[in-house]
Each structure stands twice: as structure tokens, then as C-alpha cells.
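Residue 1519 in my numbering is what sits at position 22 of the sequence shown, and the numbering runs on without skipping anything.
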Amino acid sequence: MDSAEQLQRIYLAGFELQTFDRYPKCIGVVRDNCVALLVPGVDGVQILGTPGWRMGEVMGVQREKDGRQVFQSKNEIVEATPERLAVLRQFRDDLHKLLHSAE
1498 MDSAEQLQRI YLAGFELQTF DRYPKCIGVV RDNCVALLVP GVDGVQILGT
1548 PGWRMGEVMG VQREKDGRQV FQSKNEIVEA TPERLAVLRQ FRDDLHKLLH
1598 SAE
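Here it is as C-alpha cells:
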């Protein structure tokens, strides 16, 4: 799969493409406060790790803390509310479809 075509498809679908100083070899994909990092792979670009919640210039990863779901980046914590989790799930599903679309 052609990386340029994948990125164009993602951009045209309403995702924002960004670079992050902290991740110089990755392309950041942002929409609705969700973020994923993309890296070159054997079949075009691929998601690095798991998409998370944007917290300033960093990504908060979803985890459990004290029996509740949160997004955490170092010492900063944001509640992983059902609404945020639904937005993240839709973001992840849409991005996955765009990356693996043959159109």
C-alpha cells in the first residue's frame, strides 16, 4: 500500500496530520482530541502502539487507576469517561478502516 495515498485518505476524512518533537519518526493523526502515531511499515503506514487521548503536546494512554479508567501521561490524569471512550473507539475504528482500505 502506498503511504502517501493512505495519508491523503486520512486527511480527506477529516483527520489532522501533525508532527511532534517528542516523536520525530512518527506522524501524528489527531481528531476529536484523540491521537495516534503512525510509522512506516511493510504495508504502508501503521499505527504505533495504541491510540490515546491528547493531553497538550503528549498522548495520555488508557489505563486503570484505583479501580477507574483514566488517560494518563506522566503525572497528568484525565478521566476516561464513557463519552471519551466512545469517541476514542470511533477514532480507532475509522483510522483502522482508512489505513486498510484498498480504494
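Every residue gets a Cβ at the ideal spot worked out from N, C-alpha and C, and that includes glycine.
Given the structure is predicted, the values throughout are model-derived calculations rather than measurements.
Secondary structure at Val1539: coil, using DSSP grouped into helix, strand and coil. Excluding its 5 nearest sequence neighbours in each direction, Arg1551 has C-beta neighbours in its own chain below 8 Å: Val1527, Asn1530, Cys1531, Val1532, Gly1557, listed in chain order. Ranked by Cα distance from Thr1516, the options Val1555, Arg1589, Lys1562 are led by Val1555. Excluding five sequence positions before and after Lys1594, none of the CB atoms of its chain fall closer than 8 Å to its own CB.
A distance of 7 Å or more separates the beta carbons of Tyr1520 and Leu1514.
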